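A quick write-up on the structure given underneath.
Residue numbers (the UniProt record's numbering): 1 to 194.
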């Protein structure tokens with residue numbers, strides 16, 4: 001999706017595909033409260049288009065870094081959850097409190113719009129005791145103020161060791177295993193823990 005909200009669809013979904021994987025990317029990936037909120041609004045439009053085009057009624061979502069903020073804002077403000085069931089949201093190294101209290105306060109204030117029957121996994125990377133090199137672990141842990149006691153299941157996972165820098169996390173073997181096992185129910189065969 002470009003900055004003007006123009007969507008481009010590539011590929012297709014087969015009618016027999018019960019759990020398709022759809023990747024949404026934005027041309028503009030800048031930080032900042034205003035930009036993240038704009039992308040959340042655009043994500044809401046994308047989800048509405050996908051629902052209209054493919055008849056989605058259930059979905060699972062994965063967001064790395066600001067992607068977790070964008071998904072959370074979109075779920076709270078721009079996706080009609082009464083028409084689509086959010087089964088699971090997994091966030092990786094999401095800086096819930098990076099933008100200061102304004103964004104976190106808004107997310108906490110609107111948390112009642114996140115459906116109770118949702119499972120949330122929040123993954124933090126820790127190359128040292130306090131950060132993944134870009135996002136502070138405490139900022140990731142601030143997700144508990146949004147999700148804890150609001151959803152049926154909320155789990156925080158902290159990864160240490162090799163490849164736990166912020167940009168390495170999506171390709172980290174442990175993360176791939178967690179995504180495969182908990183978000184995609186072992187749809188992708190991985191040899192994560194060996």
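Ideal Cβ positions, reconstructed from N, Cα and C, are used throughout, including at glycine.
Bear in mind the structure is a predicted one, so any value in this text is a computation, not a measurement.
> Between the Cα of residue 94 and the Cα atoms of 109, 170, 123, 85, which residue gives the shortest distance?
Replying inline: Position 94 of the chain shown, counted from the first residue, corresponds to residue 94. The candidate whose alpha carbon is nearest that of residue 94 is 123.
> Would you report the Cα separation of residue 77 and residue 185, rounded to the nearest angstrom?
Replying inline: On the chain shown, residue 77 is found 77 positions in, with the first residue counted as 1. On the chain shown, residue 185 is found 185 positions in, with the first residue counted as 1. C-alpha separation (whole angstroms): 28 Å.
> Is residue 87 helix, strand or coil by DSSP?
Replying inline: In the chain shown, counting from the first residue as 1, residue 87 sits at position 87. Looking at residue 87 - three-state DSSP - the assignment turns out to be strand.
>> Rounding to the nearest angstrom, what Cα-Cα distance links residue 51 and residue 131 in this structure?
In response: Start at 1 with the first residue of the chain shown, and residue 51 comes out as number 51. Start at 1 with the first residue of the chain shown, and residue 131 comes out as number 131. Those two C-alpha atoms are separated by around 37 Å.
> Terminal residues of the continuous beta strand (DSSP E) containing residue 120?
Replying inline: The sequence position of residue 120 within the chain shown is 120, counting from 1. Where residue 120 is concerned, the enclosing beta strand (DSSP E) stretches over 119-125.
> Cα separation between residue 75 and residue 81?
Replying inline: Translated into the one-based positions of the chain shown, residue 75 becomes position 75. Translated into the one-based positions of the chain shown, residue 81 becomes position 81. Cα to Cα, the separation comes out at about 7 Å.
>> Can you give me the C-alpha to C-alpha distance between residue 150 and residue 164, rounded to a whole angstrom?
In response: Within the chain shown, residue 150 is the residue found at index 150, counting from 1. Within the chain shown, residue 164 is the residue found at index 164, counting from 1. Their Cα atoms are separated by approximately 29 Å.
> residue 96 and residue 90: beta carbons closer than 9 Å?
Replying inline: Position 96 of the chain shown, counted from the first residue, corresponds to residue 96. Position 90 of the chain shown, counted from the first residue, corresponds to residue 90. In this structure, residue 90 does not lie closer than 9 Å to residue 96 by Cβ.
> Quick one: what's residue 62 bridged to in DSSP?
Replying inline: Along the chain shown, read from residue 1 onward, the residue named residue 62 stands at position 62. DSSP, once it has assigned bridges, lists 90 as partnering residue 62.
> In whole angstroms, what separates the C-alpha of residue 44 from that of residue 129?
Replying inline: As a position in the chain shown, residue 44 is number 44, starting the count at 1. As a position in the chain shown, residue 129 is number 129, starting the count at 1. For residue 44 and residue 129, the distance between alpha carbons rounds to 36 Å.
> Which runs of the beta strand (DSSP E) spanning at least 3 residues fall entirely within the stretch 124-160, listed in chain order?
Replying inline: 153-159
>> Using 8 Å for Cβ pairs, my map puts residue 159 next to residue 126. What's the rounded Cβ distance?
In response: For the purposes of this step, residue 159 is taken as residue 159 along the chain shown, with counting starting at 1. For the purposes of this step, residue 126 is taken as residue 126 along the chain shown, with counting starting at 1. That belief holds up - the Cβ atoms of residue 159 and residue 126 are roughly 7 Å apart, short of 8 Å.
>> If I follow the unbroken alpha helix (DSSP H) through residue 49, where does it start and stop?
In response: As a first step, residue 49 is located in the chain shown; it is residue number 49 there, counting from the start. Where residue 49 is concerned, the enclosing alpha helix (DSSP H) stretches over 33-54.
> Three-state secondary structure (DSSP) at residue 72?
Replying inline: Indexing the chain shown from 1 puts residue 72 at position 72. The answer is helix: DSSP assigns residue 72 an H, G or I state.
>> At the level of alpha carbons, what is the spacing between residue 156 and residue 86?
In response: The sequence position of residue 156 within the chain shown is 156, counting from 1. The sequence position of residue 86 within the chain shown is 86, counting from 1. Distance between the alpha carbons of residue 156 and residue 86: 18 Å.
>> Please tell me whether residue 92 and residue 22 are closer than 9 Å, where the distance is taken between their beta carbons.
In response: For the purposes of this step, residue 92 is taken as residue 92 along the chain shown, with counting starting at 1. For the purposes of this step, residue 22 is taken as residue 22 along the chain shown, with counting starting at 1. Contact flag unset, no.
> When the Cα atoms are used, what is the spatial distance from residue 14 to residue 55?
Replying inline: Mapped onto the chain shown, residue 14 falls at position 14. Mapped onto the chain shown, residue 55 falls at position 55. Roughly 12 Å separates the two Cα atoms.
>> Looking at residue 134: is its Cβ nearer than 9 Å to the Cβ of residue 109?
In response: The sequence position of residue 134 within the chain shown is 134, counting from 1. The sequence position of residue 109 within the chain shown is 109, counting from 1. No, they are not a contact pair.
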